[in-house]
Amino acid sequence: MTSTINAKIMPTPTGPLSLLVHDGVLVAAGFTADPGEMFVRLPGRLTALPLTIVDDLGKPAQAVRDYFDGDLFALDTIEVDQPGTPTRQRLLAALRAVPAGTTVSYAQLAERAGLPRTAARAAGSACAQNLIAPVVPCHRVLPSAGGFGGYYYGSPVKEWLLNHETTR
1 MTSTINAKIM PTPTGPLSLL VHDGVLVAAG FTADPGEMFV RLPGRLTALP
51 LTIVDDLGKP AQAVRDYFDG DLFALDTIEV DQPGTPTRQR LLAALRAVPA
101 GTTVSYAQLA ERAGLPRTAA RAAGSACAQN LIAPVVPCHR VLPSAGGFGG
151 YYYGSPVKEW LLNHETTR
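Numbering (the UniProt record's numbering), first residue to last: 1 to 168.
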C-alpha cells in the first residue's frame, strides 16, 4: 500500500484550517483553504507522496474541533512531526509546552529551550517556519517590546487565537 498525505479542510471561527496527516501524525496545519499551500512547505520525502483530501482525519480533526469548542488543551493531544535541526526541535518542543492562555517572549522561549538569551532570533525563526499552527502554538509568542508581532496567517488570526485562549 502506498503511503499518502491525507488532508482535511476544517471550518473554524477564524477561517478555514487545513490539516495534513502522514501515517496518523500531523505534519502540517495552517489557516488556508488550500492544503496544497501547506503541502509544498513539507520536506521532499513527504512532497514525493500523493496528497489526498479525505472526509475524516480522526483524532487530529476531533482535537481541533474540541479546541475551537473551548477545550483549550485538546491540541496538546495531537502527535506532530516537523523537520528541523536539533536546535529547532528544542525550540519547537519548548513552544509546544507553552500552555494555552499564556504567552512568552522570543527570549523566554529560547530560555525555556535551554538556549542562551541571545538565541531569541533563533526562536523567532522557529516560529516563522513552524508548519503546524496552531497545534505548535507560535501564536503564544509575543515581542518583548509589546504588541502582537508577526504571524504567518496574519495578526487578526493571532489576536483571535489569543483572545479565545484567555477568555475561557
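The beta carbon of each residue, even a glycine, is placed where N, CA and C say it ideally should be.
By the Cβ rule, the region 22-34 counts as touching the region 70-82, because three or more pairs are nearer than 8 Å.
Nearest to R112 by alpha-carbon distance, out of T12, V98, V54 and T167, is V98. Here the C-alpha atom of T14 lies approximately 13 Å from the C-alpha atom of V64. Cβ neighbours of R41 within its own chain (closer than 6 Å, five residues either side excluded): L131. A straight-line Cα-Cα distance of about 7 Å links L46 and I5. The C-alpha of E165 is placed about 11 Å away from the C-alpha of D69. DSSP places S155 within a helical segment (H, G or I) once states are collapsed to three.
Beta-bridge analysis with DSSP links K8 to L19.
In this structure, the alpha-carbon of P116 lies about 25 Å from that of V135.
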